[in-house]
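One structure is given here, and the rest of the page talks about it.
In the working numbering, the protein residues as written are 402 to 765.
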């Protein structure tokens, strides 16, 4: 009897009850592409009560502390009110609503109320890599994580930056470097939500836990979304025939972003037939079309091409460029003076000839 009692006591000491307070870590590599479609439906299974993330939330008592990647919380929020995911054959399945996602989120909030929450940089990226190659991006991922975690939990959250024990793959790091320049060019002119989303997608790609097998699909969607966003800033113009020595060329600049943008317009001509004046920096309102005028001075008649592109303050191109074909049908001042002079000479010659004729008749 005494032995049975000791064994029972021993088991209680070694095996804590499911209701015991605990510290948990809620992280998971992204399952969502840049276009918002999920790669698979694995995350829905992970948050079930018997799933890995479900056990961490449902299977605990009051949470004593939690280390969280807020990008995981956002993906589960996205699932709660409906989402789409790819099947193995690449067909799409639509889920109208996922009650288990709402249940998971509400339980996490309730159990972590007034408890310590530590926050990872958004997407739980490879910190060593970012510290060495893109420290400003790391600070951006930290800032966004704090802002969004504060909104979700309704209070200020402590940010931490533990060094990942495993580095991201060479393939992931190469992808991050390849697309960071284009994404940052857009980010330098606008704070639109769609641009921020692209920037955060780069953080998810260099999460050390992401397998290389997932990268192609993530990269494909990132590339497609990046191209679509670059098209939101563009120049619209036609072909022109210019008959004046000085002319203000009208072009339309379109900003389809959901926030204002600040840009510069740069020009380049294919030959020296025209001289282009300076265009002041532009501030375009969100979802707007703005017509601007480019001052042009015609040097010689003929044909030329004018290349227009939009750049940020560092000279990096953003948006799409435009080539304008110009037909120049202008008589230069020199030609005008020469033609006028010849006309005067001919008139004078005709007058002299007339005088001579008159004198000749008188003598006759």
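Glycine is no exception: its CB is placed at the ideal position from the N, C-alpha and C atoms.
All values derive from a computational prediction rather than experimental measurement.
{"Check": "Rounded to whole angstroms, what's the CA-CA distance from residue 507 to residue 481? Just pull it up for me.", "Outcome": "11 Å"}
{"Check": "Answer yes if the segment 549-563 comes into contact with the segment 588-601, meaning at least three C-beta pairs across the two stretches below 8 Å, and no otherwise.", "Outcome": "no"}
{"Check": "Relative to the alpha-carbon of residue 574, which residue among 526, 493 and 435 has its alpha-carbon at the smallest distance?", "Outcome": "526"}
{"Check": "Roughly how many whole angstroms lie between the Cα atoms of residue 491 and residue 617?", "Outcome": "13 Å"}
{"Check": "Please indicate yes or no: does the CB of residue 530 lie closer than 7 Å to some heavy atom of the ligand GDP?", "Outcome": "Among the components of this structure there are no ligands whatsoever, and the ligand GDP is therefore not found."}
{"Check": "Can you name the start and end residues of the beta strand (DSSP E) that residue 571 belongs to?", "Outcome": "Here residue 571 belongs to no beta strand (DSSP E); instead the alpha helix (DSSP H) covers 571-588."}
{"Check": "Just to confirm my understanding: we take residue 622, look at its own chain, exclude 5 residues before and 5 after, and list those with CB closer than 6 Å. What are they?", "Outcome": "434, 435 and 436"}
{"Check": "Which value, in whole angstroms, describes the spacing of the CA atoms of residue 670 and residue 488?", "Outcome": "51 Å"}
{"Check": "In chain order, what residues of the same chain lie with their CB nearer than 7 Å to the CB of residue 627, ignoring the 5 residues before and after it?", "Outcome": "580, 583, 584 and 599"}
{"Check": "Is the segment 697-709 touching the segment 635-643 in the sense that three or more CB pairs, one from each, lie closer than 8 Å?", "Outcome": "yes"}
{"Check": "Can you give the beta carbon distance from residue 602 to residue 720, rounded, assuming they're within the 8 Å contact cut?", "Outcome": "Actually they do not touch by this definition, with Cβ atoms about 19 Å apart."}
{"Check": "When burial is assigned at 16 or more other CB atoms within 10 Å of the CB, is residue 483 buried or exposed?", "Outcome": "exposed"}
{"Check": "Where does residue 519 fall in DSSP's three states?", "Outcome": "strand"}
{"Check": "Tell me the DSSP secondary structure of residue 724 in three-state form.", "Outcome": "strand"}
{"Check": "Return the Cβ separation of residue 665 and residue 712 in integer angstroms, given the expectation that the two are a contact with Cβ distance under 8 Å.", "Outcome": "5 Å"}
{"Check": "Bridge partners of residue 467, per DSSP?", "Outcome": "425 and 518"}
{"Check": "Pick out the complete beta strand (DSSP E) segments inside the segment 601-676, 3 residues or longer, and give them in chain order.", "Outcome": "634-637, 641-643, 647-656 and 662-670"}
{"Check": "Please determine if the segment 647-655 and the segment 678-694 are in contact, where contact requires at least 3 C-beta pairs separated by less than 8 Å.", "Outcome": "yes"}
{"Check": "Kindly list the residues whose CB is nearer than 6 Å to the CB of residue 438, restricted to its own chain and excluding five residues on each side of it in sequence; keep chain order.", "Outcome": "485"}
{"Check": "Taking just the CA atoms, how far does residue 429 sit from residue 620?", "Outcome": "18 Å"}
{"Check": "Might you give, ordered along the chain, the residues of its own chain that have their beta carbon closer than 8 Å to the beta carbon of residue 513, omitting 5 neighbours on each side?", "Outcome": "464, 467 and 554"}
{"Check": "Can you tell me which of the three DSSP states residue 540 falls into?", "Outcome": "helix"}
{"Check": "As an exercise, report each continuous alpha helix (DSSP H) stretch of at least 4 residues that is fully enclosed by the segment 430-463, in chain order.", "Outcome": "443-447 and 453-459"}
{"Check": "So, for residue 444: in the same chain, excluding its five sequence neighbours on each side, which residues have a beta-carbon less than 6 Å away from its beta-carbon?", "Outcome": "432"}
{"Check": "Identify the continuous beta strand (DSSP E) that holds residue 705 and give its terminal residues.", "Outcome": "703-712"}
{"Check": "In terms of alpha-carbon separation, which member of 608, 540, 633 and 624 lies closest to residue 590?", "Outcome": "633"}
{"Check": "Going by other Cβ atoms of all chains shown within 10 Å of its Cβ, with 16 needed for buried, is residue 413 buried or exposed?", "Outcome": "In this prediction, residue 413 has a pLDDT of 35, which is less than 50 and means its spatial position is unreliable; what the coordinates show is noted afterwards. Label assigned to residue 413: exposed."}
{"Check": "Please confirm whether residue 704 and residue 729 have their CB atoms less than 8 Å apart.", "Outcome": "yes"}
{"Check": "Determine the direct distance from the alpha carbon of residue 494 to that of residue 567, and round the result to whole angstroms.", "Outcome": "34 Å"}
{"Check": "Output the boundary residues of the beta strand (DSSP E) element that contains residue 695.", "Outcome": "689-699"}
{"Check": "CA-CA distance, residue 462 and residue 610?", "Outcome": "28 Å"}
{"Check": "Along the alpha helix (DSSP H) that carries residue 508, what are the first and last residues, could you check?", "Outcome": "500-512"}
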